[in-house]
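Adding 1 to a residue's 1-based position in the sequence shown gives its number in our numbering. Where a beta carbon is used, it is the ideal one built from N, C-alpha and C, also for glycine. Remember, predicted model here, so these are calculated numbers, not experimental data. Following: one structure in C-alpha cells, then a few remarks.
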Amino acid sequence: MTTTRFAPSPTGYLHIGGLRTSLFSWLWARKNEGQFLLRIEDTDLARNSEEAVTAILKAFDWVGMSYDGDAIFQSKRFELYAKYVAQLLEEGKAYECYMSKDELSILREEQMAKGERTRYDGRYRDFKGAPPEGVEPVIRIKAPTEGMISFIDGVKGEINIAATEVDDFVIARAGGVPTYNFVVAIDDALMGLTEVIRGDDHLYNTPKQIVVYEALGFELPNFNHVAMINNEQGKKLSKRDGATDVMEYKALGYLPEALLNFLVRLGWSHGDQEIFSIDEMIALFDPKDINKSSSNYNLDKLLWLNAHYIKNKPHDELAELLVEHGIDIRMHEKKDLILSATKERGKTLVELAEQISIIINAPVAYNEKNAKKAFKGDTAKILAEFVVLLKGSGATMPAEYHAVIEKIVELKEIGFGKIGQPLRVSLLGSMTGSGLDEIMAILGTNETISRIDKAIEYMESK
Ligand code: GLU
C-alpha cells in the first residue's frame, strides 16, 4: 500500500513550501488509495510549541487536506527510540563516544587549518579502554568507512555519496535525547512509508538516514527530493517576497483550491495544463513528473487562478466566504445579481468584498477628481430628467434599466458618457465599479433615485 507522510517541525506557521510537499504526498496517497500520515517532529522541545501544532492543523483543515489515523508526535516516542539505541549498542553498531566538546572543537580547528571538511574522526569507534571520568557519553552510529551510499531519488535520479562524507554521527546526545536523522529514519520505517516526498534541503540528511535504516535492518522507502520554491527573481523565497504563511493567504482572500492549484504547478506539470481541480490533481499526479529544477513564485499567476476559482464558485459558497471579509449578503434578495455583477471584478475575496461594498453601501463622499469631471454643466438637469424617466419605467431588471439610459441618451441627444459618468459617481462615489444597469437593478429604483437626488443636492450646493 502506498503510504506517504508530512512531517512538519512545529516551530511556527505552516509555510507554503511545506504545504506544497505535503500536497504532493497527499495526492500520491489519495491517488493510490493509500495512506497519508502526519507526524509532528517535535523532539526539539526548546523550539517547538503547541500553538505551532495547532496552526499547522488549522492550515491543513482550511485547505481540506485530511490525514489518516492520529497524528504521531515524536516527543511521545522517546522510549521507543531509546530501545533502538540500546539495540544498536548491543549489536556493536553504535558506540559510546566520550569526546568532550573541547576536544571536538580542537579537532575542528585542526581540520579547518588543513582545509579539510570538519568531521568526527572515529576515535572512540573501537575504544576498549577505561572511559574518561566525568564525561557523559553521546552515542554514535558506525557509518560505513568506505564505498558509496547510494539511492535512486525519484526526482533527482541516482545519488551517490562517498561514505567518507558521512561520519559516525551522534544518534543520542548525552542524557539520551535522540537526534533528528535517527528518529526520522525509525519513524519513516515504522510508519511503513513507501514514499518520502520532501524538500531538497533534506537531500543530505538522506545518506545519514540510510545508515540508520541499514543498521536497523529496515527496508528503504523511495525518496523524492523536491527543489525549493524560489521568488520571482529566482532567489530563495522568503517573507520579504510576500506571504509565506498558508493562513495569511486565507486572510488575503485566496480560495484554498486556488492556492493548491498554484502550489501543485510549482514543481509539477502535466503537459501545459494550468487549471486542475482537486480530483484532477489526484487523478494525474505522479511523483515521477515532479520537475527537477526549482520553480519561481509568481503572484500574477496565483491571482489569475484565484480569479478563476472565484468566478466559478457557487454563489451560496461565495456569500458564505465573504462574511469573513465583512460582507454578509447570505440573506440578500439580490444575492445572485450582486455576485454575478461583481465576481469577475475581484481577484481575491478581499477585492470582491470591496466591489460589493461600494454598491450596497451608499457613498459617504464623492471622489473629488471624479466628481469634478462628472458633475459639471447641465448634469444636474440631465440627472433630474433621468429620475423622472426612472420613476415611470417600472424597471427591475438590468436590461430595463439599460433601456432607461438609452431613452435619456436619445431624448437629450447626448453621448452615453454624459449620463454614464455622473450616474456612476452619484451611485458609487467614484468612477469605478460594475455595470450601471446591474448596479441599478441591485439597488432598486428607490435607492437609485435617493442616491441621484443626493448627488443633485451636492451639485446645487456647489
Ligand atoms: N521536519 C522536517 C521539516 O519540517 C521535515 C522532515 C522530512 O520531511 O523528512 O523540514
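Check, Outcome
"Taking 8 Å as the cut-off, decide whether the C-beta atoms of residue 383 and residue 409 are in contact.", "yes"
"With a threshold of 7 Å (Cβ to nearest heavy atom), would residue 186 be considered close to the ligand GLU?", "no"
"Based on Cα-Cα distance, which residue from 32, 28, 228 lies nearest to residue 298?", "228"
"Determine the direct distance from the alpha carbon of residue 269 to that of residue 17, and round the result to whole angstroms.", "15 Å"
"Give, in chain order, every unbroken run of the beta strand (DSSP E) that is at least 3 residues long and sits entirely within the region 158-237.", "158-163, 171-173, 196-200, 223-227"
"Give the single residue among 55, 130, 459 whose Cα lies nearest to the Cα of residue 380.", "459"
"Using a threshold of 8 Å, state whether the C-beta atoms of residue 66 and residue 24 are closer than that.", "yes"
"Would you say residue 203 touches the ligand GLU, meaning its beta carbon is less than 7 Å from a heavy atom?", "yes"
"For residue 222, verify whether its CB is less than 7 Å away from any heavy atom of the ligand GLU.", "no"
"For the ligand GLU, which residues have a Cβ under 5 Å from at least one heavy atom, in chain order?", "8, 9, 10, 42, 199"
"Can you give, in chain order, each stretch of the alpha helix (DSSP H) that sits fully within the region 417-445 and has at least 4 residues?", "417-429"
"Please report the distance separating the alpha-carbon of residue 179 from that of residue 216.", "16 Å"
"State the start and end residues of the unbroken alpha helix (DSSP H) segment that holds residue 301.", "300-312"
"How is residue 95 classed by DSSP in three states: helix, strand or coil?", "strand"
"In whole angstroms, give me the CA-to-CA distance for residue 102 and residue 169.", "16 Å"
"Among 104, 161, 419, whose alpha-carbon lies nearest the alpha-carbon of residue 204?", "161"
"Could you check whether residue 330 and residue 320 sit closer than 8 Å to each other, using their CB atoms as the reference points?", "yes"
"Which value, in whole angstroms, describes the spacing of the CA atoms of residue 159 and residue 185?", "22 Å"
"Between residue 145 and the rest of its own chain, which residues show a CB-CB distance below 8 Å, the 5 nearest in sequence each way excluded?", "164, 167, 212"
"I want to know whether the region 282-302 touches the region 232-250 - three or more CB-CB distances under 8 Å.", "yes"
"Closest to residue 326 by C-alpha separation, out of 306, 5, 358, would be which residue?", "358"
"Going by C-alpha to C-alpha distance, which of 68, 456, 44 sits closest to residue 428?", "456"
"Return the Cβ separation of residue 137 and residue 176 in integer angstroms, given the expectation that the two are a contact with Cβ distance under 8 Å.", "7 Å"
"Quick one: which unbroken beta strand (DSSP E) runs of 3-plus residues sit fully inside the region 83-146? Chain order, please.", "95-98, 139-142"
"Looking at residue 405: is its Cβ nearer than 8 Å to the Cβ of residue 424?", "no"
"Along the beta strand (DSSP E) that carries residue 149, what are the first and last residues, could you check?", "149-154"
"From the DSSP output, in three-state form, read off residue 296 for me.", "strand"
"Quick one: which unbroken beta strand (DSSP E) runs of 3-plus residues sit fully inside the region 21-78? Chain order, please.", "36-41"
"Using DSSP with H/G/I as helix, E/B as strand and the rest coil, what is residue 245?", "coil"
"DSSP three-state call for residue 12: helix, strand or coil?", "coil"
"Looking at the secondary structure, which residues open and close the beta strand (DSSP E) in which residue 6 lies?", "4-7"
"Please determine if the region 413-423 and the region 370-380 are in contact, where contact requires at least 3 C-beta pairs separated by less than 8 Å.", "yes"
"From what residue to what residue does the alpha helix (DSSP H) around residue 338 run?", "336-343"
"Closer than 6 Å by C-beta to residue 342: which residues in its own chain qualify, once you throw out the five before and the five after it? Chain order, please.", "435, 439"
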